[in-house]
Amino acid sequence: MHVIAKAIDSFNELFGRIVAPLIGIITLIVLYDIAMRFFLGRPSDWAFDVTKMLFGAHFMLMAAYGLRHHAHVEVDVLKRLLSRKKQAVLELIGYAVFFVPFIWLMLTYGWAFFERSISRGETTYGMVAIPVYPVKGVIVLAAVLILLQAIAVVLRAIIQLREENHA
C-alpha cells in the first residue's frame, strides 16, 4: 500500500510541477493585453477569454498537488488533540462522508458538462470563437487526479491504523 501511495504522490508532484509554470504564461498574456490597451488603446480580442480559461485550468489541475501538500483547509485544531489512531479514523470517516460524494458528483457532472460541450461545438462568445471543451475536459482530468491523491491519503490512514494496532 505504501508503494502505491508513494507512486501517486510522485505522479501528482511531477504533474503539479509541470502545470505550475502555466501561471507565468497567464501573467504574460495579461501583460500583453494591458500593453495593447495602453499603447494601442484597444485590448486584444482573445486575451481575456484565454486567460480566464487558462486560469480555470491551472486552478483545477493544481488541486491534486495542493491535496498532496496539505494546502487545503483542514480542521487541524481538533485533529491535533487526537491520538494518531484517532486522526487516521477521522481521516477515513471524513473522506468517506465528504470526499466520496464530492468526487462522484465532480466526475459524473464534469463528464456530462464536457460531453455536452463537445457535442454542441461550444465556443466562447467573444470576437474570437475559442473552443471551450478542452477546459471543460480539465474538470474530469482534475477529478481523476484528486481521486488518485485521495486514495494515497486513505492508504496512509489505513497504514497508520495498522501500525497503531500492531504497536
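So in the UniProt record's numbering the end of the sequence shown lands on 167, straight run, no missing numbers.
Just so it is clear, CB atoms sit at the ideal spot from N, CA and C, and this is done for glycine as well.
Using the beta-carbon count (16 or more within 10 Å), is residue i buried or exposed?
i    : result
V153 : buried
R68  : buried
E91  : buried
M1   : exposed
Y65  : buried
F114 : buried
K136 : buried
A35  : exposed
G16  : buried
Closest by CA to residue i, which one among the options?
i           : options                 : result
H72         : L107, S10, A143 and M62 : M62
residue 190 : H70, G110, D49 and Y95  : For the chain, the structure presents residues 1 to 167; residue 190 sits outside this window and is missing.
I107        : D33, K52, H58 and L148  : It should be pointed out that residue 107 corresponds to Leu in this sequence rather than to Ile. Considering only alpha carbons, the answer is L148.
Q87         : M53, D76 and T51        : D76
P101        : G16, A143, R80 and T123 : A143
A7          : K79, N165, L145 and I25 : L145
H70         : I130, E13 and Y125      : E13
L28         : S119, V97, F55 and I4   : F55
A57         : L82, L22, Y125 and E74  : L22
Expressed to the nearest angstrom, what Euclidean distance is found between the alpha-carbon atoms of residue i and residue j?
i    : j    : result
S44  : M60  : 25 Å
R84  : I93  : 14 Å
E122 : E163 : 52 Å
G110 : L141 : 9 Å
I103 : I151 : 12 Å
S117 : V132 : 7 Å
R120 : P134 : 13 Å
F98  : L105 : 11 Å
D33  : I4   : 44 Å
A20  : G41  : 32 Å
Y125 : K52  : 13 Å
A47  : A112 : 27 Å
Y95  : V138 : 22 Å
Using DSSP's beta-bridge definition, name the partner residues of residue i.
i    : result
P131 : T123
Is the shortest distance between the beta-carbon of residue i and the beta-carbons of chain C less than 8 Å?
i   : result
D49 : The question asks about chain C, but that chain is absent: this structure has only one protein chain.
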